[in-house]
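In this note's numbering, each residue carries its 1-based index in the sequence shown increased by 165.
In what follows, a single structure is set out as structure tokens and then discussed.
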Amino acid sequence: QVQLVESGGGLVQTGGSLTLSCAASGSTFSRNPMAWYRQAPGKQREFVARIGSGGIINYADSVRGRFTISRDNAKNTVYLQMNSLKPEDTAVYYCNTQEVSAGWKHWWGQGTQVTVSS
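Below, the structure is given as structure tokens:
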């Protein structure tokens with residue numbers, strides 16, 4: 166059983182910054198890719214960023230250049246540094262992993278709310 170616990174959400178003004186953290190347990194963290202998704206009210210969940218076990222990183226076009234994903238395998242934690250935040254970044258942010266040893270099974274955290282005021 167993989168557990169993902171997000172933290173770091175909150176209320177910030179336009180142009181501000183936040184850093185989200187996701188602590189993982191229950192699997193070999195370093196072997197699994199980690200990702201962030203978000204879901205705004207009335208919209209589908211969408212991809213934000215992903216970091217593979219080897220460090221390859223992908224970003225959604227909407228956040229590239231403003232957000233930075235990173236991982237600390239010693240702490241079993243993935244981070245999302247968010248800069249130059251916009252009101253359209255307002256959403257619940259979810260941590261995601263795919264458990265390599267379980268056939269790439271997806272696991273999700275409970276989500277953390279990010280609200281950007283205009």
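Don't be surprised by glycine CBs; every beta carbon is placed ideally from N, CA and C.
Note: A189 is bridge-paired with L169 in the DSSP secondary-structure output. Annotation: the continuous beta strand (DSSP E) that includes N261 extends over 256-264. Within the region 169-253, the beta strand (DSSP E) runs of at least 3 residues that lie entirely inside it are, in chain order, 175-178, 183-190, 199-204, 211-216, 222-224, 232-237, 242-247. By the C-beta criterion, the region 182-202 is judged to be in contact with the region 259-270, since at least 3 inter-stretch pairs fall below 8 Å. In this structure S172 is not in contact with T255, their Cβ atoms being roughly 18 Å apart against a cut-off of 8 Å. DSSP places Q275 in no beta strand (DSSP E); its state is neither H nor E. Note that the C-beta distance between C187 and T242 is below 8 Å. For S227 and R203, the gap between their C-alpha atoms comes out near 12 Å. For S282, the pairing in a beta bridge is given by DSSP as Q178.
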